[in-house]
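Everything on this sheet refers to the single structure shown next.
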Amino acid sequence: MTRPVLEVRDLKKSYGEGEATVHALRGVSMTVHRGDYVAIMGSSGSGKSTLMNILGALDIPTTGTYLLDGVDVGSLSDAQLALARNRLIGFIFQSFNLIPRTTAVANVELPLAYAGVKPKERRRRALAALDIVGLADRAGHEPNQLSGGQQQRVAVARALVTEPALLLADEPTGNLDSKSTDDVLQVFDDLSAAGKNIVIITHEDEVGARAKRLIRLVDGSIVTDVRQSPIELAPVGAAAAHAKVQSVAAGHLAAGHGTVARGSVYAAGGRHTA
Amino acid sequence: MSFFEVVRFSLRGLSANKLRSALTMLGILIGVAAVILLVAVGNGSAKAISDRIEALGTNTITVMSTGRGGSSSTALTKKMADALIDPELAPDIKSVSPVVSASSATMTYEGTDHAVSTFVGTTPDWFGASSTPVEKGASFTADDVTQGRRVVVIGQTVAEELFPGIDPIDKQVTVSGALFTVVGVLKEKSSTGFQDPNDTAIAPLTAVQQVLAGYGSLTSIIVEANDPDKVDAVQSEVSTILNQQLKVDSSSSSTTPYRIQNASSLLETQTETADTFTTLLGAVAAISLLVGGIGITNIMLVTVTERTREIGIRKALGAPRRVILNQFLIEATLLSVLGGGLGVAAALIGSQFEIVGVKPVIVPSSVGLAFGVSVAIGLFFGGLPAARAARLRPIDALRYE
Chain A
1 MTRPVLEVRD
11 LKKSYGEGEA
21 TVHALRGVSM
31 TVHRGDYVAI
41 MGSSGSGKST
51 LMNILGALDI
61 PTTGTYLLDG
71 VDVGSLSDAQ
81 LALARNRLIG
91 FIFQSFNLIP
101 RTTAVANVEL
111 PLAYAGVKPK
121 ERRRRALAAL
131 DIVGLADRAG
141 HEPNQLSGGQ
151 QQRVAVARAL
161 VTEPALLLAD
171 EPTGNLDSKS
181 TDDVLQVFDD
191 LSAAGKNIVI
201 ITHEDEVGAR
211 AKRLIRLVDG
221 SIVTDVRQSP
231 IELAPVGAAA
241 AHAKVQSVAA
251 GHLAAGHGTV
261 ARGSVYAAGG
271 RHTA
Chain W
1 MSFFEVVRFS
11 LRGLSANKLR
21 SALTMLGILI
31 GVAAVILLVA
41 VGNGSAKAIS
51 DRIEALGTNT
61 ITVMSTGRGG
71 SSSTALTKKM
81 ADALIDPELA
91 PDIKSVSPVV
101 SASSATMTYE
111 GTDHAVSTFV
121 GTTPDWFGAS
131 STPVEKGASF
141 TADDVTQGRR
151 VVVIGQTVAE
161 ELFPGIDPID
171 KQVTVSGALF
181 TVVGVLKEKS
191 STGFQDPNDT
201 AIAPLTAVQQ
211 VLAGYGSLTS
221 IIVEANDPDK
231 VDAVQSEVST
241 ILNQQLKVDS
251 SSSSTTPYRI
261 QNASSLLETQ
271 TETADTFTTL
281 LGAVAAISLL
291 VGGIGITNIM
301 LVTVTERTRE
311 IGIRKALGAP
321 RRVILNQFLI
331 EATLLSVLGG
341 GLGVAAALIG
351 SQFEIVGVKP
361 VIVPSSVGLA
371 FGVSVAIGLF
381 FGGLPAARAA
391 RLRPIDALRY
401 E
């Protein structure tokens with residue numbers, strides 16, 4: 001097998017000191033291979049956002065190692081970290097985080113500008129990325145002229161324009177209605193089908209059900225890690241995911257598929273209490 | 001990432017909030033313009049004062065009596081004035097004009113009264129020595145003085161008060177019961193102080209002594225030198241002759257009963273005073289620049305703090321610290337350079353106009369200083385918060401509210 005795109009070993013993160021110490025992560029180890037589409041689920045306070053920020057090199061772990069595309073992120077200098085964020089990671093935020101008063105295409109161009117790409121080439125690649133998310137006709141619009149779903153798709157275009165090794169999405173559909181959620185998730189499915197490595201954080205079952213692999217995080221530790229569909233195939237898509245969530249909610253346990261069932265029951269339980 | 005790209009980012013950052021950028025620039029503009037203009041006004045008024053003193057004549061000295069109570073032994077007399085006209089002892093003296101002046105003499109013309117603030121009795125040389133040319137008509141002659149003819153040359157203010165719309169030449173005016181014939185009108189003089197220099201009347205020495213002042217002592221003697229460079233020589237010649245006349249021991253110079261006023265020494269004193277004045281104005285303006293600078297600092301702090309989140313986004317997208325720092329530094333520099341430049345322009349335009357009666361004269365060093373200080377303030381206080389923000393971990397910058 002080739003080098004894993006992402007590998008974390010015994011990752012711990014705690015905030016505060018002494019009595020008031022909060023352990024956000026209590027030793028997380030996971031490996032993501034090429035072509036995978038991983039969903040990390042967990043309730044609020046489970047440490048999933050902390051994990052995501054560390055994976056995105058936005059934050060540093062208290063202890064543990066993080067290998068991104070074989071590079072030990074913990075050993076990188078400030079300038080090298082900037083380079084890693086630029087070249088290896090495409091980060092998608094829950095709140096879109098587009099630069100205000102700046103056109104969609106200029107937002108998408110931004111990482112390329114920091115990568116030192118020439119303006120002409122930059123514009124071409126930014127438009128191509130906008131085309132992938134289906135927003136080529138909105139290139140000249142500023143964020144406040146776009147709907148939430150469109151803004152998030154611009155953010156996705158911005159994340160993938162540098163051809164990063166890893167796409168990280170922190171609750172990308174958290175602020176979106178169901179229609180926009182479908183649009184954005186479809187983009188993720190397409191990207192996954194095109195061979196991109198995606199790690200997504202969510203608390204929505206339907207989003208988790210579409211991923212090829214589902215990891216559940218409780219109190220800073222991984223409790224389940226389920227392969228939902230084969231890594232080498234395209235993701236199951238919206239219809240299949242919807243059907244599965246429905247059947248789980250209806251109480252039909254898929255026979256002979258214990259691991260999936262256990263994970264799904266857990267998901268269903270989580271939804272009832274939520 | 002090229003420098004040009006960073007400049008473009010900065011321009012985009014500035015144009016994203018045009019009003020705030022404009023207001024920040026306005027703050028710097030006012031500070032810079034105030035410093036330059038106030039110093040220019042101080043400098044301009046100093047220059048105006050020295051111009052006027054030079055106009056009084058730098059080649060004249062004025063001898064005044066210091067004696068109090070009118071003791072006849074120390075008073076200046078016509079005899080002393082005549083003694084000064086001595087080609088042997090005083091070769092550098094061009095003219096000597098004895099002066100008696102009566103304050104507040106009332107002139108009457110056909111029922112109109114006017115109190116003249118200075119009524120001067122002198123000889124015709126006075127007009128040249130005191131740089132007071134006659135505009136209309138003529139001055140009186142030496143013959144008029146010897147004959148004691150009652151003729152008078154009046155200032156502009158007097159002419160306007162007594163003869164509104166009438167040609168005053170050859171009109172008869174009454175001064176203390178005596179009739180004087182107006183023979184000329186003085187050219188208008190610009191004011192040197194609180195007193196109106198145009199509210200004056202000049203008549204022959206003898207006539208004034210007869211009518212107003214009496215045959216007592218002179219108020220002063222104006223001595224004109226042949227050459228401005230000879231003023232010091234004339235001064236010593238005058239004191240030698242006067243010491244003889246007044247029988248003063250020249251060694252005890254501190255007790256001389258007269259005082260010699262020299263226009264060039266007056267000029268020196270005035271220049272020193274004006275320099276102090278300019279420094280004072282400059283200090284006031286510097287305070288306004290400082291206040292403006294604090295304004296810039298405040299806005300820069302707010303700008304950077306408000307955009308901490310944006311800095312976080314940019315860092316998350318892979319912007320190196322240096323690029324972010326450069327962007328904000330260039331933004332601050334552009335703001336302060338543009339604001340300072342506009343301030344210099346505003347000051348240059350403003351200096352074309354008279355301000356409170358003074359024509360400002362720009363001091364080049366004040367332009368450089370004000371501009372430099374404003375740019376330095378912008379750079380330092382724009383750069384400091386930007387550097388702090390650029391050092392933040394992306395996640396902390398993103399979470400910043």
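These protein sequence lines map, in sequence, to chains A and W.
Per UniProt numbering, the very first residue in the first sequence carries number 1; after that it's consecutive.
Per UniProt numbering, the very first residue in the second sequence carries number 1; after that it's consecutive.
Where is the CB? At the ideal position from N, CA and C, for every residue including glycine.
Small disclaimer: the values here were computed from a predicted structure and weren't measured.
What distance in whole Å lies between the Cβ atoms of residue j and residue i, which are believed to be in contact at a cut-off of 8 angstroms?
i	j	result
A/R213	A/D36	6 angstroms
A/A113	A/L127	With a Cβ gap of about 15 angstroms, A/A113 and A/L127 do not count as contacting.
A/V226	A/V32	Not confirmed; about 14 angstroms, so no contact.
A/A169	A/I92	4 angstroms
W/I260	W/V63	5 angstroms
W/V152	W/V173	7 angstroms
W/A285	W/I93	Rounded, the Cβ-Cβ distance is 46 angstroms, inconsistent with contact.
W/H114	W/L162	5 angstroms
W/I330	W/T24	Contact doesn't hold; Cβ gap of about 14 angstroms is too wide.
W/I311	W/A387	That belief does not hold up - the Cβ atoms of W/I311 and W/A387 are roughly 11 angstroms apart, past 8 angstroms.
A/L68	A/L166	7 angstroms
On the CB-based measure, 16 or more other CB atoms within 10 Å of its CB, does residue i come out buried or exposed?
i	result
W/G69	Its pLDDT being 47, under 50, W/G69 is placed unreliably by the model, and the measurement read from it follows with that caveat. Per the 10 Å Cβ criterion, exposed.
A/N97	buried
A/E19	exposed
W/F180	buried
W/S253	For W/S253, the predicted model reports a pLDDT of 49, less than 50, meaning its position is unreliable; a value from the coordinates is still stated below. Exposed, by the Cβ-count rule.
W/F3	exposed
W/F353	exposed
W/E135	exposed
W/S365	exposed
A/Q246	exposed
A/V28	buried
W/L280	exposed
W/S10	buried
W/D170	exposed
W/A105	buried
W/V6	buried
For residue i, which residues in the same chain have their Cβ closer than 7 angstroms to its Cβ, ignoring the five residues on either side in sequence?
i	result
W/S21	L14, L335
W/S65	T74, A75, L76, S217, P257, Y258
A/E17	none
W/S71	In this prediction, W/S71 scores a pLDDT of 48, lower than 50, which makes its location untrustworthy; no coordinate-derived value is stated.
W/T157	D196, N198, D199
In terms of DSSP beta bridges, what is residue i paired with?
i	result
W/G184	W/G137, W/V153
A/I200	A/A39, A/A169
W/H114	W/M107
W/P204	W/T122
W/P98	W/I221
A/K12	A/R26, A/T63
Using beta-carbon positions only, say whether residue i and residue j come within less than 8 angstroms of one another.
i	j	result
A/R34	A/V5	yes
A/R26	A/D219	yes
W/T60	W/I222	yes
W/T278	W/V99	no
W/G378	W/V32	no
W/S101	W/D125	no
A/V161	A/A104	no
W/A397	W/T308	yes
residue 280 of chain A	A/I60	This structure cannot settle anything about residue 280 of chain A, because the visible part of chain A is limited to 1 through 274.
W/D82	W/I241	no
W/V120	W/D199	no
A/I89	A/P164	yes
W/I30	W/A370	no
W/T123	W/A138	no
W/I28	W/S351	no
A/G64	A/D10	yes
W/M107	W/A201	yes
A/S180	A/G149	yes
A/P111	A/R158	yes
Apart from the five residues on each side of it in sequence, which residues of its chain come closer than 6 angstroms, Cβ to Cβ, to residue i?
i	result
W/P91	none
A/V223	R216
A/S264	Residue confidence is low: A/S264 scores 43 on pLDDT, short of 50, so the model does not pin down where it sits. Its coordinate-derived value is still stated next. Excluding sequence neighbours, A/S264 sits near V248.
W/V41	I355, V358, P360
W/L159	The identity of residue 159 of chain W in the sequence shown is Ala, whereas the question assumes Leu. Same-chain partners within the cutoff: P168, V185.
A/V133	R153, V156, A157, V187
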